[in-house]
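Comments concern the structure below.
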Amino acid sequence: MMRLLLLGKFGQLGWELQRALATLGEITALDYPEIDLVHAEQIRPVIRKAKPHIIVNATAYTAVDKAESEPHIAHAIQCPGGGCDC
-8 MMRLLLLGKF GQLGWELQRA LATLGEITAL DYPEIDLVHA EQIRPVIRKA KPHIIVNATA
52 YTAVDKAESE PHIAHAIQCP GGGCDC
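Residues in the sequence shown are numbered from -8 upward in steps of one, following this note's numbering.
Structure (structure tokens):
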């Protein structure tokens, strides 16, 4: 059976993805505070425990007005684990 890890289950996109992806297999759906993407050290243990075949990241930093004063938080959420060149 396919195992999926969905991050951002409480957002609009995450909510819809959780329903749409349910037919593909077993979904582990998480959001803050279950996983805090600002702290990269929390990501690996969650992935190891879930052992997903696929990870879907539906998280987003939505406090646009704060992005300039909190760039480290915005970047951490948009690029969890520092895995992108944004």
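No residue lacks a Cβ here, since even glycine has one placed at the ideal position from N, Cα and C.
- For residue 17, the enclosing beta strand (DSSP E) stretches over residues 16 to 21.
- The DSSP-derived three-state label of residue -3 is strand.
- Counting along the chain, the unbroken beta strand (DSSP E) around residue 46 starts and ends at 45 to 48.
- Exposed is the label assigned to residue 54, since fewer than 16 other Cβ atoms lie within 10 Å of its Cβ.
- Residue range 62 to 69 is occupied by the alpha helix (DSSP H) that includes residue 68.
- Bounds of any alpha helix (DSSP H) do not take in residue 31, whose DSSP letter is neither H nor E.
- Look at residue 13 here: in three-state DSSP terms it is helix.
- Ranked by how close their Cα comes to the Cα of residue 49, the residues 31, 23, 39, 58 have 23 in first place.
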